[in-house]
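Take a look at the structure set out below.
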Amino acid sequence: MSSLPQPDTSARSRNFIARRDLGWCLVANRWGEANRVRRFFSIVSRLGDGVFWYALMGAMVVLDGRHGLIAAAHMAAAGIVALTLYKALKRWTRRPRPFAADGRITAWIAPLDEFSFPSGHTLHAVSFTLVALAYYPWLAIALIPFSACIAVSRVVLGMHYPSDVLAATGIGFALAGTTLYLF
1 MSSLPQPDTS
11 ARSRNFIARR
21 DLGWCLVANR
31 WGEANRVRRF
41 FSIVSRLGDG
51 VFWYALMGAM
61 VVLDGRHGLI
71 AAAHMAAAGI
81 VALTLYKALK
91 RWTRRPRPFA
101 ADGRITAWIA
111 PLDEFSFPSG
121 HTLHAVSFTL
131 VALAYYPWLA
141 IALIPFSACI
151 AVSRVVLGMH
161 YPSDVLAATG
171 IGFALAGTTL
181 YLF
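Under the numbering used here, the sequence shown has 100 at position 100, and the numbering climbs by one with no breaks.
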């Protein structure tokens with residue numbers, strides 16, 4: 001039996017995924033060429049920097065007293081863990097942002113840091129949403145679409161690849177699930 005070299009299917013799979021990731025990133029980023037689209041996603045992304053979440057936590061405390069304080073504290077604890085996780089992952093992976101890696105992608109806003117993987121905005125949005133919904137399920141009608149818009153905004157604005165957002169979504173689900181189990 002001859003020892004013919006075997007094709008490296010894992011490398012081909014990674015290249016296929018990377019090409020798809022870049023392709024979707026290019027398509028989404030072109031949406032930002034329309035002023036209204038860019039403005040909408042810029043506002044959503046800015047709110048996802050923390051402004052919206054801090055206001056929500058404050059409103060929980062003001063409007064629902066002790067129960068709101070517990071919910072807000074739970075969200076804050078999840079946020080601290082999310083921040084620690086995403087900063088560590090960014091330092092470890094050091095994946096360049098799409099606009100830095102490919103000149104065809106436009107950064108429609110200024111990045112908050114240098115690296116792309118994972119999306120901190122998405123990680124926080126998913127974990128905050130899931131924790132908030134455990135206390136106030138009726139908020140789903142607002143929080144789920146808002147979190148989805150945050151995730152999409154990061155790709156449209158050239159800050160992240162779709163895989164950064166998908167990974168952050170998974171991490172956010174795992175983090176929220178873990179904190180809900182522990183609390």
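Where a beta carbon is used, it is the ideal one built from N, C-alpha and C, also for glycine.
- If you draw a straight line from the Cα of residue 91 to the Cα of residue 81, it is about 16 Å long.
- Excluding five sequence positions before and after residue 156, the CB atoms of its chain that fall closer than 8 Å to its own CB belong to 28, 29, 31, 32, 37, 38, 41, 108, given in chain order.
- By the Cβ criterion, the segment 92 to 101 is not in contact with the segment 52 to 65, since fewer than three pairs of Cβ atoms, one from each stretch, lie closer than 8 Å.
- By the beta-carbon neighbour count (other beta carbons within 10 angstroms, threshold 16), residue 183 is exposed.
- As computed with DSSP, residue 96 is found in a beta bridge with 115.
- In this structure, residue 129 lies near residue 147, with their beta-carbon atoms less than 8 Å apart.
- Distances from the CA of residue 72 to each of 86, 84, 56, 83 were compared; the closest alpha carbon is that of 56.
- Annotated three-state conformation of residue 104 is coil, per DSSP.
- In this structure, residue 150 keeps its C-beta atom at 8 Å or more from the C-beta atom of residue 51.
- Considering only 178, 160, 123, 87, the residue with the shortest C-alpha distance to residue 102 is 160.
- Taking the CA atoms as reference points, residue 179 sits about 33 Å from residue 22.
- Assigned with DSSP and collapsed to three states, residue 109 falls in coil, not helix or strand.
- Burial check for residue 105: the Cβ neighbour count within 10 Å reaches 16 or more, so the residue is buried.
- Taken atom to atom, the span from the alpha-carbon of residue 19 to that of residue 78 is near 33 Å.
- If you draw a 10 Å sphere on the C-beta of residue 140, you find fewer than 16 other C-beta atoms in it, and that means exposed.
- Within the model, the alpha-carbon separation for residue 54 versus residue 93 is close to 29 Å.
- For residue 167, same chain residues with a beta-carbon under 7 Å away, outside a window of 5 residues either side, are 117, 118 in chain order.
- Linking residue 181 to residue 131 through their CA atoms gives a straight-line distance of about 11 Å.
- In this chain, residue 34 is not harboured by any alpha helix (DSSP H), its DSSP state being neither H nor E.
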